[in-house]
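Worksheet for the structure shown next.
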Amino acid sequence: MTVIAKPSSALSRALDDRTVLGLLFMVPAAALLLLFLTYPLGLGTYLGFTDAKIGRAGEWVGLENYKFLWSDAVTRLALFNTLFYTAVASVIKFVLGLWLALLLNKHLPLKSFFRAIVLLPFIVPTALSAIAFWWIYDSQFSIISWALMRMGLIHQYIDFLGNPWHARFSTIAANIWRGVPFVAITLLAGLQTISPSYYEAASLDGATPWQQFRHVTLPLLTPIIAVVMTFSVLFTFTDFQLIYVLTRGGPLNATHLMATLSFQRAIPGGNLGEGAAIATAMVPFLLAAIMVSYFGLQRRAWQQGGTDR
1 MTVIAKPSSA
11 LSRALDDRTV
21 LGLLFMVPAA
31 ALLLLFLTYP
41 LGLGTYLGFT
51 DAKIGRAGEW
61 VGLENYKFLW
71 SDAVTRLALF
81 NTLFYTAVAS
91 VIKFVLGLWL
101 ALLLNKHLPL
111 KSFFRAIVLL
121 PFIVPTALSA
131 IAFWWIYDSQ
141 FSIISWALMR
151 MGLIHQYIDF
161 LGNPWHARFS
171 TIAANIWRGV
181 PFVAITLLAG
191 LQTISPSYYE
201 AASLDGATPW
211 QQFRHVTLPL
221 LTPIIAVVMT
231 FSVLFTFTDF
241 QLIYVLTRGG
251 PLNATHLMAT
261 LSFQRAIPGG
271 NLGEGAAIAT
281 AMVPFLLAAI
291 MVSYFGLQRR
301 AWQQGGTDR
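The numbering of the sequence shown is our numbering, which starts it at 1 and goes up by one.
Written as structure tokens, this is what we have:
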């Protein structure tokens, strides 16, 4: 007769523990994150303190790269562009996304069809979207300029990508077009978790639609807003593909973001240390966005009936 050895009581108790079991399931994902995220981040941080170039390992130079970047006018311009691009695009994406989510949450005919259509800008590859906008903004063949001229609103084609401020707002518009679906669908999912009984009780108390939105919808949606805005800010702040395909950072560095400038200095420019320093300088801003999300999520206990912290 074959005797099957039973696992030790300690191991059996550990596997029955949900916390231990959850940690074991997280090990493969943690290993992948350590390999593909932590190592590149550590290597990039190290390179930022060296004068490494393509084909040469470089030597430790301490804060020299950061001192140079602090005095570099192009880097300061790229930081301004990144903050302006992120702030304007994120606010407009939130406003439009929330409005769209509230609209799609209503009882509309063909509601499922419209929800699917809304996702299209988000699922189209970024490079293809950028090429499409490149044609839309073309200085000679722009459909926008053509339509405005036919309506008599302008008398010559608009140079969308040749003027610094035109280029800034043009890239922001393209980012908004791509980002609104993500915000809208995520907020829509949050809206559908709110029980209709709250609105019924508010209606019985005589609350107007605006009062229902302000005192019922917005507070209950706060944790979802914190999450979606964090991801929106992170995606916008680190945007690379859209800008690189659409403008390459031009004209006159007017649309260079930190990500595109880092790539330009490191790869085409060959200065790996300087490019890595620019990329590392983005980390504090990203951490700040994550902390905002963390403190916003403290309201989750209140949403679930606990104490508001």
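Just so you know, even glycine gets a beta-carbon here, dropped at the ideal spot from N, CA and C.
Quantities reported herein were computed from a predicted structural model and do not represent experimental measurements.
To the nearest angstrom, how far is it from the Cα of Val118 to the Cα of Leu234?
Taking the straight line from one Cα to the other gives about 21 Å.
In this structure, does DSSP put Arg248 in helix, strand or coil?
Three-state result, Arg248: coil.
Quick check on Lys111: does DSSP put it in helix, strand or coil?
Lys111 sits in a helix when the DSSP states are folded into three classes.
Residue ranges of each alpha helix (DSSP H) within the segment 6–32, 4 or longer
DSSP runs (the alpha helix (DSSP H)) wholly in the segment 6–32: 9–16.
To the nearest angstrom, how far is the alpha carbon of Gln303 from that of Pro125?
Residue placement at Gln303 is poorly supported in this model, since its pLDDT is 49, which falls under 50; the coordinates are not used for a value here.
Pull the bridge partners of Thr50 from the DSSP assignment, please.
Bridge pairing for Thr50: Trp60 [DSSP].
How would you call Lys93, buried or exposed, if buried means at least 16 neighbouring beta carbons within 10 angstroms?
Answer is buried; the Cβ neighbour count reaches 16.
Identify whether Met282 lies in helix, strand or coil by the three-state DSSP scheme.
DSSP places Met282 in coil when its eight states are reduced to three.
Leaving out the 5 sequence neighbours to the left and right, which residues in its chain are closer than 7 Å to Gln212 when beta-carbon positions are compared?
Taken in chain order, the residues that qualify are Tyr199, Ala202.
Starting from Ala254 and walking both ways along the alpha helix (DSSP H), at which residues does that stretch end?
No alpha helix (DSSP H) holds Ala254; DSSP gives it neither H nor E.
Give a yes or no on contact between the segment 154–161 and the segment 177–194, applying the rule of three or more CB pairs nearer than 8 Å.
With a cut-off of 8 Å on Cβ pairs, the segment 154–161 is not in contact with the segment 177–194, counting fewer than three such pairs.
Return the chain-ordered list of same chain residues with a C-beta closer than 8 Å to the C-beta of Glu59, the five sequence neighbours on each side being excluded.
Answer for Glu59: Thr50, Asp51, listed in chain order.
Under a three-way DSSP split, which group does His215 fall into?
Here His215 sits in helix by DSSP.
One question on the structure: do Leu287 and Thr82 come within less than 7 Å of each other, judged by their Cβ atoms?
No, these two residues do not count as a Cβ contact at 7 Å.
7 Å Cβ shell around Leu79 - same chain, five flanking residues per side excluded:
So the qualifying residues of the chain are Met258.
Would the beta-carbon of Leu188 fall within 7 Å of that of Leu104?
For the pair Leu188 and Leu104, the CB atoms are nearer than the 7 Å cut-off.
Any contact of the segment 273–288 with the segment 52–72, i.e. 3+ C-beta pairs under 8 Å?
Three or more pairs of CB atoms, one per stretch, sit closer than 8 Å, so the segment 273–288 contacts the segment 52–72.
Secondary structure at Gln241, three-state DSSP: helix, strand or coil?
In the structure shown, Gln241 sits in a helix (DSSP, three-state: H, G or I).
Quick one: grab the DSSP three-state call for Ser142.
Ser142: coil per DSSP, three-state reduction.
Which class does Leu188 belong to by DSSP, given the choice of helix, strand or coil?
Helix, per DSSP.
Straight-line CA distance for Leu15 to Leu33?
So the alpha carbons of these two residues sit roughly 24 Å apart.
Expected contact under 8 Å - CB spacing of Asn253 and Val74 to nearest Å:
Going by Cβ atoms, the distance from Asn253 to Val74 rounds to 5 Å, so yes, they are a contact pair.
If you draw a straight line from the alpha carbon of Ala29 to that of Arg18, how long is it in whole angstroms?
Taken atom to atom, the span from the alpha-carbon of Ala29 to that of Arg18 is near 17 Å.
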